[in-house]
Every structure is written in structure tokens, then in C-alpha cells.
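> Pasting in a structure now, in C-alpha cells, and then I'll have a few things to ask.
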Amino acid sequence: MKRASKFTIPPNWKVMFNDLGIEIRDLLSYAGLPTGLFEQQKVQLTTQQYFQMWHGIEALSDQDEMPLKLAEILSFESCDVPIYAAMCSPNLNAAFLRLQEYKPLIGPMLLDIDRRDSYTELTLGCYGYSGELPKTLNLVEMIFFTQLARMATRQRIAPKSIELPVVPNNLVAYEAFFGCEIKQGDEAKIVFKAEDANKPFLTDNFAMLALFDKELQRKLEAVQAEDSIVDKVTTLLIGSLPQGESSIEYVAKEMAMSKRTLQRKLSAEKQSFQSVLQRVREELASHYLKHTDLPVLEVAFLLGFQEVNSFIRAYSTWTGVTPTQERGALNH
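The numbering of the sequence shown is the numbering used here, which starts it at 6 and goes up by one.
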């Protein structure tokens, strides 16, 4: 299955920013994004840009309270089409399957579903991305799944359990909202009891669902067909670099084409394999150095460099400063 390589930002996010008291201009400036971004007909961001924006949301709002504020303003009417379609499903299990199917219309987020006799477990991730997701992004996703269950059943559904790589500071407030314990774990997971996951949705609407599914399938096919070669190479590199694979031979093989064909297709988009590789490495390096405490040695290996000195020289060429100087500047 082809996956989206970019996040599509819906127009109603401008309303969300307003309700959170965030000035769009300040947010875009913080994230290093074009000031006219939301004036575009279709707003799409790379994974790196999307997470930069989330870090901006965290910085410009009350990070501890922001996800709870989103829970207050989330409404049936403000949902995007894929989410609206999920609301029209028969129950939570069916809604999860629909969200999983249409995730490529939203972005390269992964939704792994483990359905058992006594529970349904969801695990979140990001395709081709090995780093931690922004703290509040995981939390907001958990709130969304919980609110989806509550809005559609009109009952206060409580998850059975929640795991997060980083638990919120005001843990008591969030456990009160969810109605369950939040534990620290390696992955972002939420579990619902089988009886709740099978509870009928009052918003179930078969006729609307049939219309939505037809339109969403059309959009899904269009999204999967329109990915450029550069986008596809970028997505592959994000996933392969941490495994030490950075060669054009490897990428060409994964894309089921010859090295020469890949070079020709990239050239048609006015790019070269080396230019795409450098951009991906530079963006990932910037993220790791600014938003993680990973040692420079580990960052080098995650970017597919065999030697740390090679990474240091490359980073200095890209930015004019060494990785250590970059981090030092951030701490002042």
C-alpha cells in the first residue's frame, strides 16, 4: 500500500489556532514556515515541517493545558471528511478501521489496530520517522480517540489504559479527563474495552457513509497517484537512513526500478539523488539537534553516516556551524 509522504492541513485549523489564542503569523515564524502558508489552496507539510509546527503550538500555548483545551473545542461539526466518515460508522471498531484506511489523506501517521475478544488496542507512529513524536501530539491523538467514542455514543466512554513515551506534567487532570491511568511506555497506545469498542454509534449513518466512502476513495487514489518521485525517495530515505542504507542502489531497488531510471525521473523533477539525500539528512539533523538530547555520535548513525567526523564535516558545510555549536547556540 502506498502511503502519504506529507501532512495535509485542513482549513479549519485556523479556527483551532484562534480558539487556542495562537496567532498564525507567530506560529509560522516559530516553525520557519512561509507566512502565506494558509493562503494556499492546499496546505501540505513534510513530516519535519509538521512537527516543527507542533513544537510551535506547544511553545505558543500553555503546553500542559492545550490538549485539554482542544478537547473542549472539538465538535462534530468541525471534523474533517475522513473523521466525519468515522463518526458515521456503526461503532468504534469500525471507525478505527475507517481512520486507518484513510490516514493517507491526513498524513503519514500510522495507526496499528490490535482487536481482541476483551479489548481493542491502538498504537500510534509515523511512517518513515524513527524519532519521538511531539509530546502534545501523542496526547491530542489520545484525546481525539476518546472524544470520538464519547461524541458518537453520547456516553462518557473511558479508555481501559493509556501509554505515552512522555506523560503530561499535570497527570491528575488528564487521568480525570480520560477516566483511566496513564503510564509511561515505549510507544503511544490506547486501549478500549471490547464492550465500549462495539457500542453502537448514535451518529451511525449508512447513506452518508456510502457517499463519504466513494468520495474518500477517489481522493485516496488521487493522493497516492500524485506523489512525486522526490517525495517517494524522501519517504524511503527517512526510513532507511537509521538502518544505515543511504545508497541510490538501495533506494532504486526498493522502488523496483534501475538506478539509471531513478536518476532520469529525479532529473525530470530538476533534482538529483544526492540533493534529495542531503536535504533529508539536513532536515533530520536539525530536528535531532534541536529537539532531542541524542549524542552527536548517535545522530550521525541515524543519518546513515559510518563515521561521526563525516557527519560533523557535512553539517558544517550545510549550516556553517558544527553540531556542537548548533546546540550551544540553542542553550544561550
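Backbone N, C-alpha and C define an ideal beta-carbon position, used for all residues, glycine too. All of these numbers come straight from a predicted model, not from anything done at the bench.
Please identify the residue among Phe206, Cys185, Asp69 whose C-alpha is closest to the C-alpha of Phe197.
Along the sequence shown, one-based indexing puts residue 197 at 192. Of the listed residues, the one whose Cα sits closest to Phe197 is Cys185.
> According to DSSP, is Glu126 part of a helix, a strand, or is it coil?
For the purposes of this step, residue 126 is taken as residue 121 along the sequence shown, with counting starting at 1. Strand.
> Taking the DSSP output, what are the residues bridged to Arg120?
The sequence position of residue 120 within the sequence shown is 115, counting from 1. Thr125, per the DSSP bridge assignment.
> Assign Asn143 to one of two classes, buried (16 or more other C-beta atoms within 10 Å of its C-beta) or exposed (fewer than that).
Stepping through the sequence shown from its first residue, residue 143 is reached at position 138. With 16 or more other Cβ atoms within 10 Å, it is buried.
> DSSP puts Cys131 in a beta bridge; with which residues?
Along the sequence shown, read from residue 1 onward, the residue named residue 131 stands at position 126. According to DSSP, which records beta bridges pairwise, Cys131 is partnered with Met114.
> Taking just the CA atoms, how far does Glu331 sit from His337?
On the sequence shown, position 332 is the one that residue 337 refers to. On the sequence shown, position 326 is the one that residue 331 refers to. No answer about His337 holds up, because its pLDDT of 49 lies below 50 and its placement is not dependable.
> Contact defined as beta carbons within less than 8 Å: I believe Asn96 pairs with Ala202. What is the distance between those atoms, to the nearest angstrom?
Position 91 of the sequence shown holds residue 96. Position 197 of the sequence shown holds residue 202. Sure, about 7 Å apart at Cβ, within 8 Å.
> Could you name the residues of the same chain whose beta carbon sits closer than 8 Å to that of Ala257, not counting the 5 residues immediately before and after it, in chain order?
Position 252 of the sequence shown, counted from the first residue, corresponds to residue 257. Excluding positions up to five away in sequence, the list reads Ser263, Lys264, Thr266, Leu267.
> Assign Leu169 to one of three DSSP states: helix, strand, or coil.
To locate residue 169, count along the sequence shown from 1; it is residue 164. Strand, per DSSP.
> May I ask which residues mark the beginning and end of the alpha helix (DSSP H) holding Ile317?
Position 312 of the sequence shown, counting from 1, holds the residue named residue 317. Ile317 -> alpha helix (DSSP H) spans 313–324.
> With C-beta atoms as the reference, is Thr3 less than 8 Å away from Ile317?
A query on residue 3 cannot be resolved here, the shown segment of the chain reaching from 6 to 337 and no further.
> Identify, in the order they occur along the chain, each residue of the same chain with its Cβ nearer than 6 Å to the Cβ of Leu153, setting aside the five sequence neighbours on each side.
Your numbering for residue 153 matches position 148 in the sequence shown. Nothing meets the Cβ criterion.
> Nearest to Ala146 by alpha carbon, out of Ile167, Tyr35, Glu274?
As a position in the sequence shown, residue 146 is number 141, starting the count at 1. A quick correction: the sequence has Glu, not Ala, at residue 146. Out of Ile167, Tyr35, Glu274, Ile167 has the C-alpha closest to the C-alpha of Glu146.
> Checking 8 Å against the spacing of the C-beta atoms, do Leu33 and Pro39 come in under that value?
For the purposes of this step, residue 33 is taken as residue 28 along the sequence shown, with counting starting at 1. For the purposes of this step, residue 39 is taken as residue 34 along the sequence shown, with counting starting at 1. Closer than 8 Å, so yes.
> According to DSSP, is Pro328 helix, strand or coil?
For the purposes of this step, residue 328 is taken as residue 323 along the sequence shown, with counting starting at 1. Helix at Pro328.
> Does the beta-carbon distance from Cys338 to Asn210 come in below 8 Å?
The shown model of the chain, from 6 to 337, leaves out residue 338, and the question about it has no answer.
> Starting from Lys19, trace the alpha helix (DSSP H) both ways and give me its first and last residue.
Numbered from 1 along the sequence shown, position 14 holds the residue referred to as residue 19. Its alpha helix (DSSP H) spans residues 18–24.
> Between Thr151 and Phe183, is the Cβ-Cβ spacing less than 8 Å?
In the sequence shown, residue 151 corresponds to position 146, counting from 1. In the sequence shown, residue 183 corresponds to position 178, counting from 1. The answer is yes: Cβ separation under 8 Å.
> Secondary structure at Gln189, three-state DSSP: helix, strand or coil?
Within the sequence shown, numbered from 1, the residue matching residue 189 stands at position 184. The answer is strand: DSSP assigns Gln189 an E or B state.
> Nearest to Glu106 by CA position, among Arg269, Ser251, Leu221, Asp298, is which residue?
Stepping through the sequence shown from its first residue, residue 106 is reached at position 101. Considering only alpha carbons, the answer is Leu221.
> Does DSSP put Gln276 in a helix, in a strand, or in coil?
Against the sequence shown, residue 276 aligns to sequence position 271. If DSSP states are grouped into helix, strand and coil, Gln276 belongs with coil.
> Could you tell me which whole alpha helix (DSSP H) segments of length 4 or greater appear in the region 258–306?
Complete alpha helix (DSSP H) runs here, min 4: 264–273, 278–296.
> What's the gap between the Cα of Gly190 and the Cα of Thr128?
Translated into the one-based positions of the sequence shown, residue 190 becomes position 185. Translated into the one-based positions of the sequence shown, residue 128 becomes position 123. One C-alpha to the other measures close to 11 Å.
> For Pro170, count neighbouring C-beta atoms within 10 Å of its own C-beta (all shown protein chains included) and say buried if the count is 16 or more, exposed if not.
Position 165 of the sequence shown holds residue 170. Pro170 comes out exposed.
> Identify whether Leu138 lies in helix, strand or coil by the three-state DSSP scheme.
Here residue 138 refers to the residue found at position 133 when the sequence shown is read from its first residue. Reduced to three states, the DSSP call for Leu138 is coil.
> Thinking just about the alpha-carbon of each residue, which of Val48, Ala181, Gly26, Gly37 is nearest to the one in Pro16?
For the purposes of this step, residue 16 is taken as residue 11 along the sequence shown, with counting starting at 1. When only C-alpha atoms are compared, the closest one is Val48.
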